[in-house]
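Student: Take this structure, written in structure tokens, and hold onto it; I'll ask about it next.
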Amino acid sequence: MNKTDLINNIATKSGLTKRDVEAVLNGFMGEVTDALAGGEKVQLIGFGTFETRKRSGRTGRNPQTGNPITIAESKVPAFKAGNKLKEAIK
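Numbering of the sequence shown is given in the working numbering, commencing with residue 2 and proceeding in unit increments.
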């Protein structure tokens, strides 16, 4: 399912217009992005938690030359599913 499919499905089930659903979805994604960029967690009880995790630096290899390179430490987004979501998938 892509973003357009999600918007269409929500609009059909809720009776809202596609434009309204898209505005809400874009607002949600923007708020989650801003919170993660600010180092905060976003917890949706029953659904899951969006957070950032630190990926430690390591040594890798350049695939073209085979020479070792240093890969810097970084922050990556992560999602941990909540209990209700896990149960619904089983």
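Just so you know, even glycine gets a beta-carbon here, dropped at the ideal spot from N, CA and C.
1. For I90, which three-state DSSP category applies?
2. Does K85 get closer than 8 Å to chain D when you measure Cβ to Cβ?
3. Going along the chain, which residues of its own chain have a beta-carbon closer than 6 Å to the beta-carbon of L56, five neighbours each way excluded?
4. For T53 versus L37, is the C-beta distance shorter than 8 Å?
5. Using 8 Å as the cut-off, can you tell me whether the stretch 66–74 makes contact with the stretch 37–49, which would need three or more C-beta pairs spanning the two stretches below that distance?
6. Would you mind giving the Cβ-Cβ distance between G47 and G83, rounded to the nearest angstrom? I have them listed as a contact below 8 Å.
7. Starting from K1, follow its DSSP beta bridges and name the residues at the other end.
8. Decide if I8 is buried, meaning its Cβ has at least 16 other Cβ atoms within 10 Å, or exposed.
Tutor: The structure says:
1. Locating residue 90 in the sequence shown gives position 89, counting from the first residue. Three-state result, I90: helix.
2. Within the model displayed, chain D is absent; a lone protein chain is all it includes.
3. In the sequence shown, counting from the first residue as 1, residue 56 sits at position 55. Checking the sequence, you will find Arg at residue 56 rather than Leu. If we look at R56 and ignore the five residues flanking it on each side, its Cβ neighbours are S75, V77.
4. Here residue 53 refers to the residue found at position 52 when the sequence shown is read from its first residue. Here residue 37 refers to the residue found at position 36 when the sequence shown is read from its first residue. Cβ atoms of T53 and L37: closer than 8 Å.
5. no
6. Translated into positions along the sequence shown, residue 47 becomes position 46. Translated into positions along the sequence shown, residue 83 becomes position 82. Right, their Cβ atoms sit about 5 Å apart.
7. With the chain running from 2 to 91 in the structure shown, residue 1 is simply not present.
8. Numbered from its first residue, the sequence shown carries residue 8 at position 7. I8 comes out buried.
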